[in-house]
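For reference, the structure discussed in these notes is given below.
10 protein chains.
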Amino acid sequence: MHKDKIKLLEIFDNPYPGRDYSIVHTAEEFTSLCPVTGHPDFGKIIISYIPDKKCVELKSMKYYLQSYRNEGIFFEALTNKILDDLVKILKPRNMIVTGEFKNRGGIRSTIKAEYLKK
Amino acid sequence: MHKDKIKLLEIFDNPYPGRDYSIVHTAEEFTSLCPVTGHPDFGKIIISYIPDKKCVELKSMKYYLQSYRNEGIFFEALTNKILDDLVKILKPRNMIVTGEFKNRGGIRSTIKAEYLKK
Amino acid sequence: MHKDKIKLLEIFDNPYPGRDYSIVHTAEEFTSLCPVTGHPDFGKIIISYIPDKKCVELKSMKYYLQSYRNEGIFFEALTNKILDDLVKILKPRNMIVTGEFKNRGGIRSTIKAEYLKK
Amino acid sequence: MHKDKIKLLEIFDNPYPGRDYSIVHTAEEFTSLCPVTGHPDFGKIIISYIPDKKCVELKSMKYYLQSYRNEGIFFEALTNKILDDLVKILKPRNMIVTGEFKNRGGIRSTIKAEYLKK
Amino acid sequence: MHKDKIKLLEIFDNPYPGRDYSIVHTAEEFTSLCPVTGHPDFGKIIISYIPDKKCVELKSMKYYLQSYRNEGIFFEALTNKILDDLVKILKPRNMIVTGEFKNRGGIRSTIKAEYLKK
Amino acid sequence: MHKDKIKLLEIFDNPYPGRDYSIVHTAEEFTSLCPVTGHPDFGKIIISYIPDKKCVELKSMKYYLQSYRNEGIFFEALTNKILDDLVKILKPRNMIVTGEFKNRGGIRSTIKAEYLKK
Amino acid sequence: MHKDKIKLLEIFDNPYPGRDYSIVHTAEEFTSLCPVTGHPDFGKIIISYIPDKKCVELKSMKYYLQSYRNEGIFFEALTNKILDDLVKILKPRNMIVTGEFKNRGGIRSTIKAEYLKK
Amino acid sequence: MHKDKIKLLEIFDNPYPGRDYSIVHTAEEFTSLCPVTGHPDFGKIIISYIPDKKCVELKSMKYYLQSYRNEGIFFEALTNKILDDLVKILKPRNMIVTGEFKNRGGIRSTIKAEYLKK
Amino acid sequence: MHKDKIKLLEIFDNPYPGRDYSIVHTAEEFTSLCPVTGHPDFGKIIISYIPDKKCVELKSMKYYLQSYRNEGIFFEALTNKILDDLVKILKPRNMIVTGEFKNRGGIRSTIKAEYLKK
Amino acid sequence: MHKDKIKLLEIFDNPYPGRDYSIVHTAEEFTSLCPVTGHPDFGKIIISYIPDKKCVELKSMKYYLQSYRNEGIFFEALTNKILDDLVKILKPRNMIVTGEFKNRGGIRSTIKAEYLKK
């Protein structure tokens, strides 16, 4: 089921491929489920990258993030999977995905994963 | 139509060309249109540079930024175009243009492009 | 389907029925769906009341609020329905339910409904 | 020209007409033009009301507010006109319209007008 | 066991009994246990009163509040019991005790109880 | 000298004289001189009123407030004089002038004066 | 020793005795000693009044407040004494003195005393 | 007694061992006792690490931190011991433990200890 | 006229010349005039330096900054001139002067100039 | 007189001498006197260090800082002296003392001095 999410993402041509510049998208209203208890988790997903030939289309990324709404997934796996999916379709020069998750049992967690083109 | 905007910008002589120093202008009230839906976008434009021989005149820069009010333009293109226009007329030692755009469909975006004189 | 939600709520005896005192519960992480577009809505639900013979049990109220996660409902209907359900099982001396909903299309909305025992 | 704006507003039946409850819509991103200088004004419009038989539909209200984007209008006239238009189509039990306008020449202004059904 | 706590409280003579004036003590670092799960609860206790003949001594009140550290007690019972204990020893002209408890399962609660001398 | 300041103020016809509504102008950048030491004072002036037949024109009010820049005047006298001048030319239904003055010798002061039409 | 403090206060004629208006002085940097332990206490003193014939001179009030620096005095006594002293020399139409004292042993305290001319 | 705490911690396999990524857990509600006076200390514990083969399970870490509730321990020893315990069971690539402790006698303290795999 | 300002600055011997340490003075209440329109500009001046043999005396620096009150000067020239004047009399090991100027026509500006002893 | 202050400081053995870790103590409520005018100065003292064999005992440091209450001392001398005294008794691997002093005549000052073991 997880594999199909990536098909929701759409891309467009980077309008300024000759210059390194950064794009940061912050989705404040992210929710998924805890894979153990089934209870909802809430958080913020921050996607920061230097595009190469392609940029991610904003509306499609919104649908992609919404597709986690009713799935159980650990924070660590979620953050790394979003990075993998976006790297696969964008092949960016650099990308960092950060998941800031709200309080669960008195502890809040932030996961941050980076990709750097070799 | 985009080409004519640059004519709105006026410059004056850098009063301290012998020293590297930085100038940051922050325009909190920027608005343009989404090129797809035609709906208004709102944001903040931050122009940061080390002047060489010329500085940009503040009032003319205000008119330049206002000229985007009724034009449809993507965030990525907008930020890079403002950088291109200002670099063209100022030939600064360094310049960074940042566009911080407000929430659209639950996601807010920041684009940051840099120019460095070789 | 809406009718069954009320069964999720559990109550316990007010430990100090001889005194008027107020209880406010604030659930920061509420989400439901827009009945028109199917897109997720996010908000905060504030339940404030003066108990009479019964108080609402916290964990059951959490499950009750989570039961709206995948249902399409207008803000106005949602806020009033929560008030109706809680009044029905608690018969409080007074109750105010406030729904503070996040930005949708650039506009955020707050709905506030009050019940007063006659 | 001003007269046609009201046609943009759509209404729907109040789902809980038997109870007095309040609805507040806050549009953070409002812009119009100064009727004297033609320069853009920016502000926030807050519409607060107790519905009677009708509620205003959110998307139509967004289009209504956007219709001021390129019109010159004084803050005092604008705030009162929004109140008049909404009262005309909603006939609410009570309504307050507040316009909070950003800094112009070092002074920021707030206009607040109220309607109470007799 | 609860009954003995009140013995920890010490009082002193109100230095200005001829005038109605208010005293507010805010203890930011309160902790007790959930009577159901045994897990720690954290919160803030605000004691506000108009003294009559007696004031509560600050250090003794600190020890009184610390005495709840390892006891299981519901928020509603706790707030009302603190009010009862303080009213009993101070016989104030008026007293309000507010307990603001931190997030438990995504919901935070505030309990507020008042005593008014007849 | 003080008497001539009032001539700087310009007025225009209230566009909605049939309705009581409030106008608040906040000038964040006010400066005058201490009449004793000659040192600069800084503060914020807030003018809030219900107009009757006339409103004050914004630009002229800016010039009026700037005219205090190099005059020595006590906070108490200043706030009351602004109220007197504006009441004289506007004859409003109600007006409150508030002066919030910054720290001078470790103490900051706020003066608030009100006029109510009889 | 306490009795002599009042001699530090100086007054001047109210420039607008014909109108009720309010004056608030906030001294952020107040310090005295705990009469029991001798340790320093820190706080903020807020003096709010409606003057009758006299106003308090700002610099003299600063010296008056500084005179508590090395004296041991309880918060309740301190706040009431400042009110007594100022009422004695100003005979205001109304006065409220508020002392907001910083954290001592995890508890912060606010004392508020009011005088109303009969 | 301290030695047994480590047994409370549970681990799970790092789902993305092939990539360096960071995990930060912030526990806002930590409390222990002062080993000298026996009075409660309150603080925030921040655990930041780059996992190697194992991650710490969130609920077990909550129980581990709660186990300090009634133990007397100095801030310096506490922060270093948490680091030692977590390094022992996780063998992370890097770990930083920060303890931010609230005001005690007017002074608040932060202790920060780091481990780097050789 | 500008040349005479430097005479207002007084200096004293650095009490710890054997150690590199930094001094930052922040003047929140700076005002000068726009050289084009004559309108007042407001801002904050931050002076940060590592002293060598001399330090600047605080009161004299306050008078120096106040001397710009009624002079027309561009932000870029002002910031660089303050740096030049202070470097001339202090001969510091390093100095940075930052001018943060408030909103003018919707744009706020920050100028930052640095001096480093060779 | 200054020389005796250091005797107030007490030390204890670093419990983890084998690891470089940092300790930061922040005293929010510091007060001394201006050596010129005798008026009170207020500020915050931040002591940050990497301990070697010894740590400073918290309560003794509080008494040490309180000993400046009635002494006239310049900010620059004060910050450097605290650093000297603490370095002398602790011989830390590294230490930074920062003094953030409140507004005096409209200017606030921060002094920061560092010691690094050679």
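Protein chains in written order, with the numbering used here: chain Y, 1 to 118; chain S, 1001 to 1118; chain W, 2001 to 2118; chain Z, 3001 to 3118; chain X, 4001 to 4118; chain C, 5001 to 5118; chain L, 6001 to 6118; chain H, 7001 to 7118; chain A, 8001 to 8118; chain E, 9001 to 9118.
Beta carbons: idealized from backbone N, C-alpha and C, even for Gly.
Burial state of residue i (16 or more Cβ within 10 Å)
| i | result |
| --- | --- |
| Y:L86 | buried |
| C:E5071 | exposed |
| C:T5098 | buried |
| E:G9038 | exposed |
Between the CA atoms of residue j and residue i - distance to the nearest angstrom
| i | j | result |
| --- | --- | --- |
| A:M8061 | A:L8090 | 12 Å |
| L:I6073 | A:V8024 | 36 Å |
| X:K4005 | E:K9088 | 47 Å |
| H:A7113 | H:I7096 | 6 Å |
| X:I4046 | X:A4027 | 6 Å |
| A:L8065 | A:N8080 | 13 Å |
| A:K8044 | L:D6013 | 36 Å |
| Y:V56 | H:P7040 | 51 Å |
| C:Y5063 | H:G7105 | 52 Å |
| L:E6100 | Z:D3084 | 46 Å |
| X:L4078 | X:K4059 | 20 Å |
| S:F1137 | Y:L8 | Any question about residue 1137 of chain S goes unanswered here, given that chain S covers just 1001 to 1118. |
| Y:T31 | Y:S48 | 19 Å |
| A:L8033 | A:S8022 | 31 Å |
Nearest neighbour of residue i, chosen from the options [CA to CA]
| i | options | result |
| --- | --- | --- |
| S:K999 | S:D1020, S:G1105, S:K1118 and S:T1079 | Residue 999 of chain S cannot be examined here, being either before or after the span of chain S that is shown, 1001 to 1118. |
| A:I8050 | A:P8017, A:L8008 and A:A8027 | A:P8017 |
| W:I2082 | W:V2036, W:D2013, W:F2042 and W:Y2115 | W:Y2115 |
| C:K5118 | C:I5011, C:R5093 and C:F5030 | C:R5093 |
| Y:Y68 | Y:I11, Y:V56 and Y:E29 | Y:E29 |
| L:R6108 | H:N7103, H:D7052, H:L7033 and H:E7076 | H:N7103 |
| W:E2076 | W:I2011, W:D2052 and W:P2035 | W:P2035 |
| W:I2011 | W:S2032, W:S2022 and W:D2052 | W:D2052 |
| Z:I3111 | C:K5007, C:L5008, C:L5009 and C:P5015 | C:P5015 |
Threshold first: 3 residues or longer. Then list the beta strand (DSSP E) segments lying entirely within the stretch 3009-3059 of chain Z, N to C. 3011-3013, 3021-3033, 3040-3050 and 3054-3056
Of the residues that make up the stretch 6087-6104 of chain L, which ones have a beta carbon closer than 9 Å to any beta carbon in chain H? K6102, N6103 and R6104
Taking only beta carbons into account, state which residues of the stretch 9035-9064 of chain E come closer than 7 Å to chain L, listed in chain order. P9040 and F9042
Can you list, in chain order, the residues of the stretch 5009-5031 of chain C whose Cβ is nearer than 9 Å to any Cβ on chain A? E5028, E5029 and T5031
Near-chain Y residues of the stretch 2067-2080 of chain W - C-beta to any C-beta below 8 Å: R2069 and N2070
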